[in-house]
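Novice:
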Amino acid sequence: MAENVIGTDISPPDLRAKITGRARYAEDFRAEGMVFAKLLLSPMPHARVRSVDTSAAEAMEGVLGILRADELPVQSEGLREGALTDEPKYEGEPVLAVAAVDETTAAAAVEAIRVDFEQLPFVLDPLESLREGGPDAHVGGNISAGRGEFGSLKWPASVFEEAGADKLPMGEAAAEWTIGDIETGFDEADVVVEETIVHQSVTHHPMEPRSCMAYWQNGKLFLHGSTQSTERTRGGVAGLAGVEPEDVVFIGEYCGGGFGSKISGSPIMAVPAVLSRKIGRPVMLRITRYEENYIGRARAGFQGWAKMGFRADGRMTALDLYLVQDSGPFGASDLFTAGTVATASYQPENMRFRGAAILTNTPPRSAQRAPGGAQIVAMLEPLVDKAARELDVDRLEIRKINAPGHDGWLGARQTPFTSAYVREALDLGGELFNWEEKKQLSGQRNGTKVTGVGMGLSPFTAGSAGRDGLLVIRPDGKLYVHQGIGNLGTHSIADTARPAADVLDLSWDQVVIVWGDTSKHLPFSTVQAGSQTTHAHTRANHAAGTAMLGLLQELAARELGGSPTDYRVADGRVFRAGNRAAGMNFAEAARRAIATGGKFSGGVVPEDLNDATKAAVAGLAGEGLIAAARDNYSRGGSVYTWVATFAQIELDVETGEVEIIDLASTTDCGTVMHPRSLAAQTNGGVFQGIGMAKGQRWVFDPKWGIPFTKRFYTARPPGILDVPLSPRFAAVDEPDPRTPVGAKGIGEPPVGAGEAAYVCAVADAMGGLCLCRTPLTADMILAELEGRPRPYGLLETHV
Amino acid sequence: MAVMRDMIPPFELYQPTEVDDAVRLMRQHGDKGWVLAGGLDTFDWFKDRIKRPEAVIDLVGVEELRGISDGADGGLDIGAMTSLTDVAENADVMNRYPLLAEAAGLVATPQIRNQGTLGGNIVQDTRCWYYRSGWPCYRAGGNVCYAATSQSMNREHCIMGASRCVAVSPSDTAPALVALDAEMVVASTSGERTWAAADFFIGPDIDIERMTVLKPGDLLARIVLPAPWEGARWYFEKVRDRKAWDFSLVSVASSLRVEAGMIQDARIVVNSVAPYPVRLRAVESAIRGRAPSEETGQMAGEIAVEGARTLRHNDYKVALMRNLVKRSIRDAA
């Protein structure tokens, strides 16, 4: 019997290439006759191009062509973002592109172009846009009214006057939902806490910028890019280039980080694709760090207010939330997720969610690892601590009291969870961190340093269903797992293949993963976002593995006699139960499948497969024993993962600096697929959250609307020295009963847990005082400790 | 003309192997030339195409600018091209001038310290993000300071020493060298000239476009450390937003001569509060004859921040400077 590979540590197939530098990323590729493109970026946060004079650039030797916005199949219009635009809506938005024989020439040509811009009013702070007469990010308005249309949301001056400087103004909301009755909830509360809270927007900063290279051969577009997904990127690229998906070959075997910013391609991919077609040469567009900071997407920030009511026993009776979202120029959906995620933490008996998503002239937003979730967790967890202190209920206990159990529910529609071992995760975390002892250290002073301990509980969506799996046993006897998912650096291309190996009782060294190139016949997949992949594709590959098992049994019965149920599969053979000699190995099975044809080698496929999978099977037909299956397993609820992080910090009261002394995280993410990778994913997410809490910045000059945090050293994502060397980790490891393998996703929930644990620990060191904003930089902490004026207004954003 | 960033424009590269050749090349190219040491400051400017010299004189091949050797009168000579790692890890520096070893070891990251040089760290330009973004400010030859308006983002900027420009000196080693009373040896085609470290750094009131006395054609050749005080106590601290690859919000360097429990002599220097490292002479006189205690430190801190003038977002620097000066006396060891 082959050893079950689920739950063991493996070396993913891409690891060696990454470590030795042999892995080729988008900008490492070259094509015959390839030339380079450079972008001209808008120097203003909102403007209209009156005229462009490219004559000097075109006269330069080596310049091959210029691409303007109106030549693109997808044009910038309303809330739709084009790769180039004649009405830039943030400083740094690409206006045009120049192709030349080399980058030096292309850069010089861009500098030689004269653009006459008409300046338009701009806005960075959503609250400014909400004022009557305040500027709008678009000529058409400041909110999305759906279907790409604009609307206008303005609040009367009285709303701002009433709020004063220290409270979020709360006028008419653009979105609202309730559970129960909020007033009843507060009536039943023994303790009510309330705060105005600001969470910054942050750029993604993947190590690999979104460089891309494109060329055309016989009417087909070949595009090398950096994305989180593969099969689902093809359609996006096709749209950007104005061709059919079957005329696109997308190649992206490695992705140097996406975090939600590269889910299924990037608008900028249109530039090399269309420019290459225009000039008849392969075009490489290397995106620089500077450009990546503009076009590389960002997390949406919130200016918020929350009020919570608790009974004396610690149960949350009411949660009232108001969030104003900084949506950037094209919108963001964090706002809508945030309220839902809050229900998965606290199960409030009564809740009201109100919000307004306001467009601004700042770089575009997209999902960033737990979009909406990380922000709301970091914003609300300190309030829970505040209430716990007032109620004299232990901070771990109050979270257990309010956490969902298996009968828990999610969001306004109160849908059930597939599983929720949240209290188990909290208990495990309490033990791992030694909460009972550590909490005694709270407020202890050693010289100038004060200890704080805190924790954060962070839920996030972690699965989806209904994708396809595709397996081939080739005449070499190996199992080829075709993965339409991308290799975004999480090992999921390997880990989600494991169920297929386990169903077939096959040792892992007999499994080959096929990925990263849509010409390799890849099945319909999830987009790699929303932490869906582990859940969705363990299911899809389990389904395909089960289909393969059936085909092997059927083929054996057909070839060797008896009935399919007489046959077993193990160690790369299909054989009669009780007689391993009476059978054939996988290589033989593949040969016989090819000879037999029909459903055994892709000639006939299940009807319920997605068209993309059918096309992939058709491409592989006759190459081996082929099994493709749709994930038809029932799901029965919302798939959620929870992470609890505990932090011990020391705050230096003379400098405002914070050092993390100890960090421990636990999770309920169902069955553990890959222990080492799971710990890495969790700790990485926790660190990312701590980075937002501690110092990651997005600073704009308010007068000119221009950002300064365009480099790593000014934006300050965290470094390895900012976190303890040995963060601890453990998983509950209880299978989700609603999915065959029991595994749920882990990508996103750690971010909010790390961020909240840090924020709560800092508040704890300050005697429970919540500064109610991120990032919590030393200047803000010190100003508070010293009783000096706050460096920024309570609602000031982009600082 | 459109703006292009992150793309180094072409230039002529010169790689002399002798100081004499280097200074001749520098003189020949004048303000169209650029001296390249480790490149950590240089390449940011070049990539942004804001500084566009015609000729780059790369000092990497000039061996005599590199290395640490015994100097006259029990001191130490450090070539300007000596890497920050070599400074931080040199046994003589660590034993006799731990203040400098500590400061050099806190610069940026290990990779940057391997590539970056002591000379480069001393003469690097300010990191004011308005100036570094190519805005036409006073320091860039214009006639406005964008960082000092009522709306400016100036958390990192000056609380003292400003004169039209409010940018700060970003160097970690500069305050340490002033506190050690180092001398800067400057070479040019007319020979060598020596400057006291405290005089080497200049404010915008003297020349708004330069951070040091160096003019085109001047080359910082070596740093001369005098013999340290017998039994000196010292202190260095750099407060920053993150623990690697970050400039100081405020830093402090102190060197104290303590006998019989009383401060006999002191040099205390604070950086990133002004366009140059600020030597606190009033503090130094006030603490002479006192014990290096919490009380003395407290008093010193209060004196240190007298006259501080804050901008919109940097009031915290007053408290931070006051506290760091206190620590530099109380916690010196």
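From first to last, the protein sequence lines are chains P and Y. Note that the working numbering has the first sequence beginning at 1455, numbered continuously upward. Note that the working numbering has the second sequence beginning at 49, numbered continuously upward. Even for Gly, the Cβ is constructed at its ideal location relative to N, Cα and C. Quick caveat, the model's predicted, so the values are computed rather than measured.
Got a sec? Which residues, its chain only, sit under 6 Å from residue 1911 of chain P by beta carbon, not counting five neighbours each side?
Specialist: 1799, 1853, 2098
Novice: Between residue 175 of chain Y and the rest of its own chain, which residues show a CB-CB distance below 7 Å, the 5 nearest in sequence each way excluded?
Specialist: Closer than 7 Å at Cβ, skipping near neighbours: 218, 295.
Novice: Buried or exposed: residue 2174 of chain P, going by 16 or more other Cβ atoms within 10 Å of its Cβ?
Specialist: Counting C-beta atoms within 10 angstroms of its own C-beta, residue 2174 of chain P has fewer than 16 neighbours from the protein chains shown and is therefore classed as exposed.
Novice: Under DSSP, the alpha helix (DSSP H) around residue 1886 of chain P begins and ends at which residues?
Specialist: 1876-1887
Novice: Of all the CB atoms in chain P, is at least one closer than 8 Å to the CB of residue 202 of chain Y?
Specialist: no
Novice: Spell out whether any CB of chain Y is found under 8 Å from the CB atom of residue 2245 of chain P.
Specialist: So, interface residue.
Novice: How about residue 311 of chain Y and residue 274 of chain Y: are their beta carbons less than 8 Å apart?
Specialist: no
Novice: Given a cut-off of 8 Å, decide if residue 1973 of chain P and residue 1703 of chain P are closer than it, judged by their beta-carbon atoms.
Specialist: yes
Novice: Looking at the structure shown, is residue 2246 of chain P part of a helix, part of a strand, or coil, going by DSSP?
Specialist: coil
Novice: For residue 2195 of chain P, count neighbouring C-beta atoms within 10 Å of its own C-beta (all shown protein chains included) and say buried if the count is 16 or more, exposed if not.
Specialist: Buried: at least 16 other Cβ atoms inside 10 Å.
Novice: Could one say the Cβ of residue 49 of chain Y lies closer than 8 Å to chain P's Cβ atoms, at least one of them?
Specialist: Output row for residue 49 of chain Y: interface = yes.
Novice: Spatial neighbours of residue 2126 of chain P within its chain, please: C-beta separation below 6 Å, excluding the five flanking residues on both sides.
Specialist: 1461, 2132, 2185, 2187
Novice: According to DSSP, is residue 312 of chain Y helix, strand or coil?
Specialist: strand
Novice: Using a C-beta cutoff of 8 Å, does residue 287 of chain Y count as contacting chain P?
Specialist: yes
Novice: Is residue 55 of chain Y close to chain P? Criterion is C-beta to C-beta, closer than 8 Å.
Specialist: yes
Novice: Looking at the structure shown, is residue 185 of chain Y part of a helix, part of a strand, or coil, going by DSSP?
Specialist: coil
Novice: Taking only beta-carbon positions, decide if residue 290 of chain Y is within less than 8 Å of chain P.
Specialist: yes
Novice: Locate the beta strand (DSSP E) running through residue 1836 of chain P, then write down its first and last residues.
Specialist: First-last for residue 1836 of chain P: 1827-1845, but that is the alpha helix (DSSP H), not the beta strand (DSSP E).
Novice: Which two residues bound the contiguous alpha helix (DSSP H) that contains residue 1849 of chain P?
Specialist: Segment 1849-1856, the alpha helix (DSSP H) holding residue 1849 of chain P.
Novice: Using a Cβ-Cβ cut-off of less than 9 Å, list which residues of the region 154-169 of chain Y approach chain P; keep chain order.
Specialist: Along the region 154-169 of chain Y, going in chain order, the ones with a CB nearer than 9 Å to a CB of chain P are 156, 157.
Novice: Unbroken alpha helix (DSSP H) runs of length 4 or more, entirely within the region 2130-2180 of chain P: which are they?
Specialist: As summarised for the region 2130-2180 of chain P, the continuous alpha helix (DSSP H) elements at least 4 residues long and confined to that stretch are 2166-2169, given in chain order.
Novice: Roughly how many angstroms separate the alpha carbons of residue 99 of chain Y and residue 93 of chain Y, rounded to a whole number?
Specialist: 5 Å
Novice: Answer with yes or no whether the minimum CB distance from residue 375 of chain Y to chain P is below 8 Å.
Specialist: yes
Novice: Suppose the cutoff is 8 Å on Cβ atoms and the five residues either side in sequence are ignored; what does the same chain contact list for residue 1895 of chain P look like?
Specialist: 1905, 1907, 2102
Novice: Since residue 2175 of chain P meets chain Y, which of its residues come closer than 8 Å, beta carbon to beta carbon?
Specialist: Per Cβ cutoff of 8 Å: 290, 291, 292.
Novice: DSSP state of residue 1937 of chain P, grouped into three classes?
Specialist: coil
Novice: How do the region 1743-1750 of chain P and the region 1623-1630 of chain P stand: do at least 3 beta-carbon pairs fall below 8 Å, yes or no?
Specialist: These segments do not touch.
Novice: So with Cβ pairs under 8 Å, would you call residue 88 of chain Y a contact of chain P?
Specialist: By this cut-off, residue 88 of chain Y is not an interface position.
Novice: Determine the contact status of residue 1984 of chain P and residue 2055 of chain P, defining contact as a CB-CB distance below 8 Å.
Specialist: no
Novice: Can you confirm whether residue 1545 of chain P, when its beta carbon is compared against all beta carbons of chain Y, has any partner nearer than 8 Å?
Specialist: no
Novice: Identify, in the order they occur along the chain, each residue of the same chain with its Cβ nearer than 7 Å to the Cβ of residue 2070 of chain P, setting aside the five sequence neighbours on each side.
Specialist: 1924, 1936, 1975, 1976, 1977
Novice: Do we get a CB-CB distance below 8 Å when we pair residue 1878 of chain P with the residues of chain Y?
Specialist: no
Novice: Given a cut-off of 8 Å on the beta-carbon distance, is the pair residue 1494 of chain P and residue 1569 of chain P in contact?
Specialist: Going by C-beta atoms, residue 1494 of chain P is nearer than 8 Å to residue 1569 of chain P.
Novice: Please list the partners that residue 1567 of chain P has in chain Y, where partner means a Cβ-to-Cβ separation under 8 Å.
Specialist: 49, 50
Novice: In whole angstroms, what is the alpha-carbon distance linking residue 1482 of chain P and residue 2164 of chain P?
Specialist: 24 Å
Novice: So what's residue 1912 of chain P in DSSP terms, helix, strand or just coil?
Specialist: strand
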